[in-house]
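Asks: Mapped onto the working numbering, the consecutive letters of the sequence shown carry residue numbers 35 to 127.
To start, I am sharing the structure in question, which I have written as structure tokens.
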Amino acid sequence: MLTVICSQVPGRVFETPTEQARVRLKHPKRSPYAANKTDDKKKLRDEISRNRVLRMKIATLTRWNQRSLESALSDTKQIIELLENYDVDLSDE
């Protein structure tokens, strides 16, 4: 009975040492599922700039709203003061 024992068989048998060196120098293939980092960076930069502009607009509108509310509050205080003075004038008569 003849038994053949096989050890690990290499995946590829090279013809010459130069071919082996050529394969070693070859760049690995790029995976089709690899992320394109430059596009991701560009998208993030665009999103950051849009968010910055949005934040500036919201801050401006908030300042305008605050100024408007302060103006309305001062007008209301003046009206209340006038009414109090008017009530005092009526009670004096």
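Even glycine gets a Cβ: it sits at the ideal position worked out from N, Cα and C.
These numbers come from a predicted model, not from an experiment.
Which value, in whole angstroms, describes the spacing of the CA atoms of Glu115 and Met90?
Replies: Taking the first residue of the sequence shown as position 1, residue 115 is located at position 81. Taking the first residue of the sequence shown as position 1, residue 90 is located at position 56. Roughly 37 Å between the two C-alpha positions.
Asks: With 8 Å as the threshold, decide whether the Cβ of Arg101 is near any Cβ in chain C.
Replies: Of the protein chains in the structure, only one exists, and it is not chain C.
Asks: Would you kindly work out how many angstroms separate the C-alpha atoms of Leu78 and Leu103, rounded to a whole number?
Replies: Here residue 78 refers to the residue found at position 44 when the sequence shown is read from its first residue. Here residue 103 refers to the residue found at position 69 when the sequence shown is read from its first residue. Taking the straight line from one Cα to the other gives about 37 Å.
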